[in-house]
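In this note's numbering, the protein residues as written are 5 to 190. Each residue gets a CB set at the ideal place from its N, CA and C atoms; glycine is no exception. Taking it in order: structure first as structure tokens, then the write-up.
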Ligand SMILES: [Zn+2]
């Protein structure tokens with residue numbers, strides 16, 4: 005994974021705008037399901053996030069994981085060229101979330117050159133870790149095989165739980181583009 009600092013960052017504003025759309029709108033371009041199917045997925049996921057908030061209050065995703073007996077491990081790993089990079093991964097046995105600080109720090113270190121001041125709080129290592137933990141928490145609580153549906157559901161859940169003002173899919177898009185060293189992110 006070779007991150008290059010020399011990027012054309014001008015299109016971040018456009019990406020932020022696109023990924024700030026409601027998941028119901030955004031997911032229409034990420035899957036081929038009918039609108040009612042997407043709407044139901046988003047509704048169910050938001051309800052799950054609300055239930056967790058109602059039960060546990062305003063805890064961080066890491067504290068929520070702990071409450072569910074899930075260990076959060078800070079780790080670092082490189083990803084071979086062409087492979088998808090994730091901010092974290094999880095296992096059911098042992099119940100564990102592994103954060104990839106290589107990916108988290110690489111993205112966080114680049115963003116100050118890139119994002120406008122008022123948006124930078126959403127690209128710090130802590131924020132990226134929170135969102136990544138929330139995403140993996142969904143997989144661990146739902147215990148379903150990771151399909152495209154579950155991936156989109158986990159992103160919607162993480163967005164709802166952390167009140168991120170855009171879809172976490174944006175992080176994935178940025179990671180992939182930066183890893184490939186592309187000159188533009190449009
Ligand atoms: Zn996932």
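Just verifying my parser: in three-state terms, what is the DSSP assignment at residue i?
i           : result
residue 36  : coil
residue 25  : coil
residue 93  : strand
residue 101 : strand
residue 177 : helix
residue 84  : coil
residue 150 : coil
residue 110 : helix
residue 167 : coil
residue 133 : helix
residue 119 : coil
If you drop the 5 nearest sequence neighbours on each side, which residues of the same chain put their C-beta closer than 7 Å to that of residue i?
i           : result
residue 115 : 124, 127
residue 64  : 134
residue 52  : 161
residue 46  : 27, 28, 160
Exposed or buried, which one is residue i when buried takes at least 16 other CB atoms within 10 Å?
i           : result
residue 49  : buried
residue 102 : buried
residue 23  : buried
residue 107 : buried
residue 76  : buried
residue 169 : exposed
residue 130 : exposed
residue 40  : exposed
residue 2   : For residue 2 there is no data in the structure shown, the boundaries of the chain being 5 and 190.
residue 159 : buried
residue 26  : exposed
residue 113 : exposed
residue 58  : exposed
Using a Cβ-Cβ cut-off of 8 Å, state whether residue i counts as contacting chain B.
i           : result
residue 165 : Checking the listed chains, one finds no chain B in this structure; it contains a single protein chain.
Going along the chain, which residues of its own chain have a beta-carbon closer than 6 Å to the beta-carbon of residue i, five neighbours each way excluded?
i           : result
residue 193 : In this structure the chain extends from 5 to 190, so residue 193 is not present and cannot be described.
So, for residue i: in the same chain, excluding its five sequence neighbours on each side, which residues have a beta-carbon less than 8 Å away from its beta-carbon?
i           : result
residue 109 : 129
Next item on the list: Closer than 6 Å is what we want: which residues have a beta carbon that near any heavy atom of ligand 1? List them in chain order.
Entry: 139, 143, 150, 155, 158
Item checked: Sufficient close CB pairs (3 or more, under 8 Å) joining the segment 75-95 to the segment 152-168 -> Result no; under three Cβ-Cβ pairs closer than 8 Å.
Notebook entry, point to check: Within the chosen definition, does the segment 28-36 reach the segment 136-147 through at least 3 CB pairs nearer than 8 Å?
Noted result: no
Next item on the list: Evaluate contact between the segment 64-78 and the segment 99-113, counting only Cβ atoms and requiring at least three cross-stretch pairs below 8 Å.
Entry: yes
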